[in-house]
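Asks: With the sequence shown counted from 1, adding 137 to any position gets you my numbering.
Backbone N, C-alpha and C fix where the C-beta goes; we use that ideal spot for every residue, glycine too.
Keep in mind it's a predicted model, so treat the numbers as computed, not measured.
Take this structure, written in structure tokens, and hold onto it; I'll ask about it next.
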Amino acid sequence: MLAHVVPPVSLDQAYEEFHEAEDVHSSGLAAFIDLVESDPVTNYVDCGSKGGKIVSVDIVPACGDERYCILQSGKTVKLAWTIQATEALKSLQAKVYGTIAGIPVPFPLPNSNACKDSGISCPVKDGDTFTYDLNLDVKSAYPKIHVDVKFTLVEDGKTVACFLLPSKIE
Numbered sequence: 138m139l140a141h142v143v144p145p146v147s148l149d150q151a152y153e154e155f156h157e158a159e160d161v162h163s164s165g166l167a168a169f170i171d172l173v174e175s176d177p178v179t180n181y182v183d184c185g186s187k188g189g190k191i192v193s194v195d196i197v198p199a200c201g202d203e204r205y206c207i208l209q210s211g212k213t214v215k216l217a218w219t220i221q222a223t224e225a226l227k228s229l230q231a232k233v234y235g236t237i238a239g240i241p242v243p244f245p246l247p248n249s250n251a252c253k254d255s256g257i258s259c260p261v262k263d264g265d266t267f268t269y270d271l272n273l274d275v276k277s278a279y280p281k282i283h284v285d286v287k288f289t290l291v292e293d294g295k296t297v298a299c300f301l302l303p304s305k306i307e
């Protein structure tokens, strides 16, 4: 299953909306930059979501390729993954793997507890929509290769939501 399509926002439209706000703070500037640089990802594949439905996946900086998401070595990727729960969820753990030659290699996460410091307030009620925010460091030591990155949220060993993102580390 392929991702949703988000109506494009032109740079002029984003700039206008930004300046219509009465009070401009530095956080507002950061949000504007994120809006311009973010990319609603459309080339991901749902890989077994059982407790949630993927609503959207956004990445900053933008992936920059329709076939692969380009991950810049030595940079941090900001991910915002929005999910609608299809059942009540008490707790969530995040797992990220790079699949290389069929072997899943875990990416180290700053915090695998998805209910803490990631934008999710647990427990989550059935039908609620929530966004998992993740800053993922693409370490300079990672090889410059094609890799399928698998993002998973689990509860008690069961996959709640999962997507596979064909990527290329450059």
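Output the distance between the C-alpha atoms of Gly294 and Val192, rounded to the nearest integer angstrom.
Replies: 22 Å
Asks: Just to confirm, is the Cβ distance from Tyr228 to Lys281 under 9 Å?
Replies: According to the sequence as given, residue 228 is Ser; it is not Tyr. Their beta carbons are not under 9 Å apart, which means Ser228 does not touch Lys281 by this criterion.
Asks: Who are the near neighbours of Thr213 in its chain, counting only those whose CB is closer than 8 Å to its CB and skipping five residues on each side?
Replies: Asn272, Leu273, Asp274 and Val275
Asks: What are the boundary residues of the beta strand (DSSP E) that includes Gly211?
Replies: That residue, Gly211, is in no beta strand (DSSP E); it is neither H nor E in DSSP.
Asks: Let me check understanding here. Comparing Cα to Cα, which of Asn180, Gly189 and Cys184 lies closest to Ala199?
Replies: Asn180
Asks: On the three-state DSSP scale, how would you describe Thr296?
Replies: strand
Asks: Can you tell me where the beta strand (DSSP E) with Ala231 in it begins and where it stops?
Replies: Gln230 to Ile237
Asks: In the DSSP assignment, what are the bridge partners of Tyr269?
Replies: Paired residue(s): Trp218.
Asks: Within 10 Å of its beta-carbon, does Gly264 have 16 or more other beta-carbons around it, so buried, or fewer, so exposed?
Replies: exposed
Asks: Going by alpha carbons, who is nearest to Val284 out of Leu246, Leu290, Gly235 and Val297?
Replies: Gly235
Asks: CB-CB under 8 Å to Ala225, same chain, minus the five flanking residues each way: which ones, in chain order?
Replies: Pro260, Val261, Lys262 and Asp263
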